[in-house]
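What follows is a set of notes on a single structure, which appears directly below.
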Amino acid sequence: MQPREKFQQSGVQSLSTEELLALILSKGVKGYNFRTLSRMVFASLRHSVSQGLNPYGEPISIKGVGKVKAMQVVAGIELGARLYNLEKDKCTRVFNSEQAWNLLNYIGKFKQERLVALLLNGRYELIKKQTISIGQLGKISIQPREVLVPALQNNSCYVLIAHNHPSGDHIPSKEDIDFTITLKECLDMVGIYLLDHLVISGNGWSRVDI
Numbered sequence: 042m043q044p045r046e047k048f049q050q051s052g053v054q055s056l057s058t059e060e061l062l063a064l065i066l067s068k069g070v071k072g073y074n075f076r077t078l079s080r081m082v083f084a085s086l087r088h089s090v091s092q093g094l095n096p097y098g099e100p101i102s103i104k105g106v107g108k109v110k111a112m113q114v115v116a117g118i119e120l121g122a123r124l125y126n127l128e129k130d131k132c133t134r135v136f137n138s139e140q141a142w143n144l145l146n147y148i149g150k151f152k153q154e155r156l157v158a159l160l161l162n163g164r165y166e167l168i169k170k171q172t173i174s175i176g177q178l179g180k181i182s183i184q185p186r187e188v189l190v191p192a193l194q195n196n197s198c199y200v201l202i203a204h205n206h207p208s209g210d211h212i213p214s215k216e217d218i219d220f221t222i223t224l225k226e227c228l229d230m231v232g233i234y235l236l237d238h239l240v241i242s243g244n245g246w247s248r249v250d251i
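The sequence shown runs 42 to 251 under the numbering used here.
Structure below.
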């Protein structure tokens with residue numbers, strides 16, 4: 042059975058790796074049918090990955106596989122990797138402040154203050170990581186609705202927020218505390234629970250007690 046027929050009859054999951062490559066390559070070249078060519082390309086890609094090499098270069102060295110075909114193959118691999126990472130992010134669970142910090146500590150290096158929200162479902166799985174606001178000169182101005190709206194749009198059950206202090210001081214300010222209290226009250230009114238608010242800098246991080 043040809044790969045296209047197998048795809049239509051049994052779905053993409055039924056295809057072998059060589060058959061997936063055959064669909065991307067679409068046809069063979071002089072001296073090789075599409076199945077043989079697919080096996081050669083797969084062997085070449087597997088060698089590149091095992092050696093830590095750029096997979097783009099290897100298929101070009103196979104007779105009949107030019108730059109366009111090589112780019113199509115590598116683009117398909119890259120697309121699959123990106124979709125896999127998106128799915129993996131969805132399954133990330135955040136139960137505590139330390140896990141949240143592991144996802145958000147990168148904001149401590151920014152020179153501008155920014156606020157990022159982790160939107161979680163009822164199983165504490167990450168739905169989306171969203172930058173809510175980026176400030177000027179080390180200060181952000183934000184209203185609770187800017188967190189509330191994306192939380193509602195993504196059907197969140199829990200929200201965790203974090204912002205950075207470019208100064209290096211990660212002690213929560215009075216403004217941080219007041220904003221956290223107000224945001225918690227707003228989220229409570231629509232049945233969304235604010236798990237935590239982290240203040241992150243290049244020197245460490247702290248929690249805003251709520």
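The beta carbon of each residue, even a glycine, is placed where N, CA and C say it ideally should be. Keep in mind it's a predicted model, so treat the numbers as computed, not measured.
Contact check, residue i vs residue j, beta carbons under 8 Å
i	j	result
valine 114	isoleucine 173	no
serine 138	aspartate 217	no
leucine 15	alanine 141	Not covered by the structure: residue 15. The range shown for the chain is 42 to 251.
asparagine 253	histidine 204	As shown, the chain starts at 42 and ends at 251. That puts residue 253 outside it, with no answer to give.
tryptophan 246	leucine 239	yes
alanine 63	serine 51	no
glutamine 153	isoleucine 183	no
leucine 144	leucine 124	no
lysine 261	leucine 61	Only positions 42 to 251 of the chain appear in the structure, and residue 261 is not among them; the question remains open.
arginine 45	glutamate 59	no
isoleucine 148	isoleucine 251	no
Helix, strand or coil at residue i according to DSSP, with G and I counted as helix
i	result
arginine 152	According to the sequence shown, residue 152 is lysine rather than arginine. Residue state, collapsed to three classes: coil.
leucine 167	strand
serine 182	coil
asparagine 205	strand
valine 135	coil
valine 190	helix
serine 51	helix
aspartate 229	helix
glutamine 43	coil
leucine 56	coil
asparagine 74	coil
aspartate 219	helix
isoleucine 65	helix
isoleucine 118	helix
proline 100	At proline 100 the pLDDT is 48, less than 50, meaning the model places this residue with poor confidence; the figure from the coordinates comes in the next sentence. Residue state, collapsed to three classes: helix.
Nearest-angstrom beta carbon gap, residue j and residue i [assumed within contact, 8 Å]
i	j	result
proline 191	threonine 223	Between threonine 223 and proline 191 the Cβ distance is about 17 Å, and since that is not below 8 Å, they are no contact.
proline 213	valine 249	5 Å
valine 135	leucine 161	6 Å
isoleucine 233	asparagine 195	About 10 Å; that fails the 8 Å criterion.
Beta bridge counterpart(s) of residue i as assigned by DSSP
i	result
leucine 235	Val200
serine 85	DSSP, once it has assigned bridges, lists no residue as partnering serine 85.
glutamate 174	Glutamate is not the amino acid found at residue 174; the sequence shown has serine there. Answer is Leu156, bridged to serine 174.
serine 79	Paired residue(s): none; serine 79 is not in a bridge.
leucine 161	Leu167, Tyr199
glycine 245	Ser242
Buried/exposed call for residue i, threshold 16 Cβ in 10 Å
i	result
alanine 111	buried
leucine 120	exposed
methionine 42	exposed
serine 67	exposed
proline 100	With a pLDDT of 48 at proline 100, under the threshold of 50, the modelled position of this residue cannot be trusted; read the value that follows with caution. With 16 or more Cβ atoms within 10 Å of its Cβ, proline 100 is classed as buried.
valine 82	buried
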